[in-house]
Amino acid sequence: MSKTILVTGGAASGKSRWAVSYLAACDYVLYLRTAESVDPDTMHRIEYSNKQNFVEWDIKTGVKDAPAEAIADHKFVIFDSLAAYTSNIMNEMCPDVTKIDEETKKAIEKKIIADVTEMYDKIMVIDGSMITITLETGFSVTPEDRSQAVFREILGNVNQRIANMSNEVYLSASGIQFKIK
Numbered sequence: 104m105s106k107t108i109l110v111t112g113g114a115a116s117g118k119s120r121w122a123v124s125y126l127a128a129c130d131y132v133l134y135l136r137t138a139e140s141v142d143p144d145t146m147h148r149i150e151y152s153n154k155q156n157f158v159e160w161d162i163k164t165g166v167k168d169a170p171a172e173a174i175a176d177h178k179f180v181i182f183d184s185l186a187a188y189t190s191n192i193m194n195e196m197c198p199d200v201t202k203i204d205e206e207t208k209k210a211i212e213k214k215i216i217a218d219v220t221e222m223y224d225k226i227m228v229i230d231g232s233m234i235t236i237t238l239e240t241g242f243s244v245t246p247e248d249r250s251q252a253v254f255r256e257i258l259g260n261v262n263q264r265i266a267n268m269s270n271e272v273y274l275s276a277s278g279i280q281f282k283i284k
């Protein structure tokens, strides 16, 4: 049965570690990373799990646009991270966020949600599972810096939509994950 999972939490709360551990025994996992590299701790965890479980994962870094295109016949996918992807799309669609209007905000949200929906659709077709990792924006005050406030608003709206679309949602805090949906 196809499964889509969203894991959210603060920075360095154990989201990536949990996602990698969750799929550790699965073969032919696609680890999509929006950053240019995988942090050493996560990379070590992947390599160790691959050796222990006799599996092999594909790792694609620097995913800036159209992440669904990277999913070939991978039955398992980790998308790390929705927050960084949101930042990339914001910079692409509105380089000067201080001048953003409501129409552009909605267009950015729509594109990001469409891209994640496309990945979820591909996973459902092949009866696979996907974990999307994101930052939780709901535990802080609205930043005074305009660009940070806009990012928080857009990511918060995107997180809500993706959480509603996902089969399961986990909140990560201090390395412990709590299933909230």
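Just so it is clear: in the sequence shown, position 47 is 150 by the working numbering, and no numbers are missing.
For each residue, glycine too, the CB sits at the ideal point set by N, CA and C.
Name the one or two DSSP bridge partners that residue i has.
i       : result
Ala-276 : Ile-279
Ser-232 : Lys-106 and Phe-179
Glu-271 : Ile-108
Leu-126 : Partner(s): none; Leu-126 has no beta bridge.
Using only CA atoms, which one of the options lies nearest to residue i?
i       : options                               : result
Ile-203 : Ala-114, Asn-262, Lys-282 and Gln-251 : Gln-251
Asn-260 : Glu-172, His-177, Thr-237 and Gly-165 : Thr-237
Ile-234 : Met-104, Ala-114, Ser-116 and Val-123 : Val-123
Ala-186 : Gly-113, Ile-162 and Glu-205          : Gly-113
Ala-169 : Glu-239, Glu-221, Arg-255 and Met-268 : Glu-221
Asp-161 : Asn-270, Asp-130 and Leu-274          : Asp-130
Enumerate in chain order the residues of its own chain whose CB-to-CB distance from residue i is below 6 Å, with the five nearest sequence positions on each side excluded.
i       : result
Met-196 : Ile-211
Val-253 : Val-200 and Ile-203
Going by beta carbon distance, what residues of the same chain come within less than 8 Å of residue i, once the five residues before and after it are set aside?
i       : result
Arg-120 : Asp-144, Thr-145, Arg-148 and Gly-278
Lys-214 : Ile-192 and Met-196
Asn-153 : Glu-159 and Trp-160
Please give me, in chain order, every unbroken run of the beta strand (DSSP E) with length at least 3 that falls completely inside the segment 137 to 219.
161 to 163 and 179 to 183
Cβ pair count under 8 Å reaching 3, the segment 168 to 177 against the segment 131 to 142
yes
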